[in-house]
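Take a look at the structure below.
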Amino acid sequence: MREVIRNIVRFLLFLFIEIYVLDSIPHLHRFISPSLYFIFLLWLPFSIRPRLLLWIAFFTGLIVDYFMQSPGLHASACLVLAFIRPFLIGVLTPRDSTEFNYREPSAQSLLWAPYVIYITVLTFSYHTWLVFLEWLSFGSFGDFLIKTFASTAISLLLIITIELLFPRQLRYRTNVGG
Amino acid sequence: MRNVILFIRRYLTFFTFLLLQILSLWFLYSYNKFQQAQFLQWANELTGQVNTRYKRVENFFVLGEENKRLHRVNDSLLNLLAQQYVHPDTTKRMVVDTIRQDSTRQTRRYYFRPASVIYNSTSGEKNYIQLDRGSLAGITENMSVLNADGSTVGIIVSVSPHFSQVMSLLHVRQKVNVALQKTGDFGTLEWDGADPSELLLKGLPKSVPVKVGDVVVSSRYSFNFPPGYPVGVVSGIVSDNSTNFYLLKVRPSARFNNLQHVFVVENLQYTEQSKLDEDTRKRIEDPKRNPR
Chain A
1 MREVIRNIVR FLLFLFIEIY VLDSIPHLHR FISPSLYFIF LLWLPFSIRP RLLLWIAFFT
61 GLIVDYFMQS PGLHASACLV LAFIRPFLIG VLTPRDSTEF NYREPSAQSL LWAPYVIYIT
121 VLTFSYHTWL VFLEWLSFGS FGDFLIKTFA STAISLLLII TIELLFPRQL RYRTNVGG
Chain B
1 MRNVILFIRR YLTFFTFLLL QILSLWFLYS YNKFQQAQFL QWANELTGQV NTRYKRVENF
61 FVLGEENKRL HRVNDSLLNL LAQQYVHPDT TKRMVVDTIR QDSTRQTRRY YFRPASVIYN
121 STSGEKNYIQ LDRGSLAGIT ENMSVLNADG STVGIIVSVS PHFSQVMSLL HVRQKVNVAL
181 QKTGDFGTLE WDGADPSELL LKGLPKSVPV KVGDVVVSSR YSFNFPPGYP VGVVSGIVSD
241 NSTNFYLLKV RPSARFNNLQ HVFVVENLQY TEQSKLDEDT RKRIEDPKRN PR
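Set out below in structure tokens:
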């Protein structure tokens with residue numbers, strides 16, 4: 001139960017930052033449009049089932065879409081991210097589960113190197129799909145490439161900054177309590 | 001049959017992914033039709049509520065600048081007052097008959113309504129602005145939106161009971177008829193989605209003398225915008241020898257990053273004008289009714 005509330009608070013917080021900070025500030029450059037809210041999907045617990053994750057991602061994206069007046073765009077990108085996430089976690093987590101019992105992905109639970117790979121791959125796939133959809137209706141191929149890499153880089157910078165500034169309290173999953 | 005069910009169950013996650021992906025792409029590509037649907041209107045109401053609350057806080061931090069802008073408008077209006085003009089010839093007086101004659105009757109063409117911006121973006125290629133007045137305040141589609149200082153901002157594209165959505169000039173599908181203030185020649189204002197501080201003015205013939213720094217205003221021929229309101233200033237002339245038309249870069253007068261209080265301007269004759277235009281097109285261009 002506590003886990004659910006924690007994630008809901010986190011979701012609202014990131015939604016607020018995305019809409020009223022990242023989308024409102026004047027941009028660094030027209031090619032750079034960083035996002036942060038999808039960190040909420042990256043931080044969901046390991047134990048969440050892939051199908052539930054897809055639905056959560058869909059509605060997260062849709063809510064962001066309604067604030068940004070672009071129905072479907074962010075929802076679609078979030079779905080791609082949520083679809084890849086379980087596979088990536090399967091690849092990156094240690095094999096023997098006796099040693100491995102953290103709740104959610106973090107630098108501490110996955111160790112730094114795999115964790116950086118985890119966020120890089122997911123951020124990159126999110127931005128690629130998002131910019132790809134924009135490119136289909138508008139723009140040139142060069143713009144598409146530059147925009148993808150620039151936005152991914154800045155988003156990663158933001159995510160790692162947040163990771164370092166606000167370390168999450170990590171508790172082991174135990175049998176006691178929820 | 002059993003195998004089919006087993007197959008679907010085995011890949012249920014993948015099918016969920018496909019289903020949701022198709023759904024979101026459908027949302028994305030049928031936006032214009034879907035826009036009219038009840039669901040988006042409901043969503044519009046909801047995001048509108050949140051945006052209003054947030055804006056109420058944010059407005060405190062920019063009150064100074066807004067005051068200055070309003071002061072400038074007041075200043076320009078004070079200068080228009082009748083008492084600021086003197087009549088040199090005191091023996092001659094013009095009397096207007098109180099009974100209104102047909103020949104002197106004036107028809108009101110534009111009606112201004114105030115509104116506040118509650119959501120705004122300039123980062124995408126298709127930027128929309130949300131206002132806190134909707135159909136209950138008499139706002140309908142195709143009304144134009146001017147900033148507090150009179151500079152052009154955009155056109156209303158959809159309305160819900162309490163809120164309305166503006167297609168900003170910074171939208172790749174926006175096309176506005178504008179004119180040079182100096183000569184009155186008109187062209188089309190567009191945006192290529194690249195730089196928010198640079199609009200493009202096309203369709204102005206090269207016979208017209210244009211300098212960097214010329215003021216661009218809304219045209220007399222626009223159905224939406226009242227004429228003569230500032231759009232921007234020419235900031236660059238792209239030379240292209242292949243056409244007889246200029247490609248001008250225009251720096252917009254409205255600062256799209258900092259919109260707060262705006263005017264929604266209704267052209268009271270819009271329906272009549274656009275109906276006449278449409279009828280004419282139908283009559284002349286319909287080959288069945290008019291074989292030539």
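Same order as they appear, the protein sequences are chains A and B.
Residues in the first sequence are numbered consecutively from 1, following our numbering.
Residues in the second sequence are numbered consecutively from 1, following our numbering.
Virtual Cβ for every residue (Gly too), placed ideally from N, Cα, C.
Leu201/B in three-state terms, based on DSSP: strand
If you measure from the CB of Tyr66/A, is any heavy atom of the ligand ADP nearer than 8 Å? Judged by which ligands are present, the structure shown has none, so any question about the ligand ADP falls away.
Using CA atoms only, rank isn't needed, just tell me which of Leu247/B, Gly228/B, Leu170/B and Arg109/B is closest to Leu204/B. Leu247/B
Residue from Pro34/A, Pro114/A, His29/A and Val80/A with nearest C-alpha to Glu18/A: Pro34/A
Return the chain-ordered list of same chain residues with a C-beta closer than 8 Å to the C-beta of Val233/B, the five sequence neighbours on each side being excluded. Gly213, Asp214, Val215, Val216, Val250, Arg251 and Ser253
So if DSSP puts Glu190/B in a beta bridge, which residue, or which two residues, is it bridged to? Leu200/B
Which word fits Asp277/B, buried or exposed, when buried means at least 16 other C-beta atoms lie within 10 angstroms of its C-beta? exposed
For Tyr221/B, tell me which candidate among Leu25/B, Ser158/B and Asn267/B has the shortest Cα-Cα distance. Asn267/B
Would you say Tyr179/A reaches chain B, if we count a Cβ-Cβ gap shorter than 9 Å as a contact? With chain A represented from 1 up to 178, any question about residue 179/A goes unanswered, as that position is not in the structure.
List the DSSP bridge partners of Glu266/B. Tyr111/B
Could you say if the region 103 to 122 of chain A and the region 56 to 65 of chain B meet the contact criterion of at least three C-beta pairs nearer than 8 Å? no
Enumerate in chain order the residues of its own chain whose CB-to-CB distance from Ser135/B is below 6 Å, with the five nearest sequence positions on each side excluded. Val159 and Pro161
Would you say Tyr20/A reaches chain B, if we count a Cβ-Cβ gap shorter than 9 Å as a contact? yes
Would you verify that the beta carbon of Phe17/B is, or is not, closer than 9 Å to some beta carbon of chain A? yes
Local conformation of Lys147/A per DSSP, three classes: helix
From the DSSP output, read off the bridge partner residues of Phe245/B. Pro205/B
Between which two residues does the beta strand (DSSP E) carrying Gly61/A extend? Per DSSP, Gly61/A belongs to no beta strand (DSSP E); it is in the alpha helix (DSSP H), Pro50 to Met68.
Contact list for Glu3/A against chain B, beta-carbon separation under 9 Å: Residues of chain B passing the Cβ test: none, with the nearest at roughly 22 Å.
Below 8 Å on the Cβ atoms is my contact criterion, and I expect Tyr229/B with Gly150/B to pass it. Report the Cβ-Cβ distance as a whole number of Å. 5 Å
Would Gly193/B be called buried (16 or more neighbouring beta carbons within 10 Å of its own) or exposed? buried
Say whether chain A places a C-beta atom closer than 9 Å to the C-beta of Phe34/B. A caution first: Phe34/B carries a pLDDT of 49, below 50, which makes its placement in the model unreliable, though a value can still be read off. Yes, Phe34/B counts as interfacial toward chain A.
Which of helix, strand or coil DSSP assigns to Thr93/A: coil
Indicate the three-state DSSP secondary structure (helix, strand or coil) for Ala107/A in the structure shown. helix
Using only CA atoms, which one of Glu198/B, Ser197/B, Asp195/B and Lys206/B lies nearest to Thr183/B? Lys206/B
Okay, do the region 11 to 31 of chain B and the region 149 to 167 of chain A touch, 3+ Cβ pairs below 8 Å being the bar? no
Please classify Gln21/B: does DSSP put it in a helix, a strand, or coil? helix
For the candidate residues Trp26/B, Leu19/B, Thr152/B and Thr280/B, whose alpha-carbon lies nearest to that of Asn177/B? Thr152/B
Using a Cβ cut-off of 8 Å, pull out every chain B residue sitting near Leu54/A, in sequence order please. Thr13, Thr16, Phe17 and Leu20
Check the Cβ of Leu110/A against every Cβ in chain B and list those closer than 9 Å, keeping chain order. Within 9 Å Cβ-Cβ: nothing; Leu110/A doesn't reach chain B, min ~22 Å.
Buried or exposed: where does Leu52/A fall if 16 or more other Cβ atoms within 10 Å of its Cβ makes it buried? exposed
Which of the residues in the region 104 to 136 of chain B, read from start to end, lie with their CB under 7 Å from any CB of chain C? Absent from the structure: chain C. Protein chains present are A and B.
Under DSSP, the alpha helix (DSSP H) around Leu180/B begins and ends at which residues? Where Leu180/B is concerned, there is no enclosing alpha helix (DSSP H), although the beta strand (DSSP E) it sits in stretches over Val176 to Leu180.
Our contact map puts Gln260/B next to Val117/B with C-beta atoms below 8 Å; I'd like the distance itself, whole angstroms only. 6 Å
What residues of chain A sit near Thr43/B, judged by a beta carbon separation below 7 Å? Looking at the sequence itself, residue 43/B is Ala, so the reference to Thr does not match. Ordered by position in chain A, the residues that pass the 7 Å Cβ test against Ala43/B are Tyr66.
Contact the region 76 to 87 of chain A vs the region 126 to 141 of chain A: 3+ CB pairs below 8 Å: yes
With a threshold of 9 Å between beta carbons, is Gly90/A in contact with chain B? no
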